[in-house]
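The structure appears right after this line, and notes come after that.
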Amino acid sequence: MYLATVLAVSISLNVICYMSLKTLVSTNNGIRKEIKGLQDKIIDQDVQLKRIESKQLTQTEVKGAVVGELRAEVAKLAFTPIKLNLK
């Protein structure tokens, strides 16, 4: 009787330890996936930052781009027919 009780308690403790270990491994794998995702985001942001830094324009280049856009808008307006409602 005593041996059966000790055996039952031992088996119960082993099952509890196994389930706890399984939960810890599962949690660890989840954390690793989360860390990997965060590392990927950091790498993506670093790549974007490097692209932005490489595309920084001088003040003259910005002025030229703005003037070019304004000229394009003026050209669009010049060829847009104007409808007048004269009554």
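If you read the sequence shown in my numbering, its first letter stands for residue 192, the second for the next number, and so on.
Cβ atoms here follow ideal geometry from the backbone N, Cα and C, with glycine treated the same way.
First through last residue of the alpha helix (DSSP H) which encompasses residue i
{"i": "K232", "result": "Y193 to S245"}
{"i": "T251", "result": "Q250 to A269"}
Through-space distance from residue j to residue i, alpha-carbon basis
{"i": "K224", "j": "S217", "result": "11 Å"}
{"i": "G255", "j": "I222", "result": "49 Å"}
{"i": "L240", "j": "Q250", "result": "20 Å"}
{"i": "K267", "j": "N220", "result": "58 Å"}
Cutoff 8 Å; reference residue i; Cβ partners in own chain excluding five residues on either side
{"i": "D237", "result": "none"}
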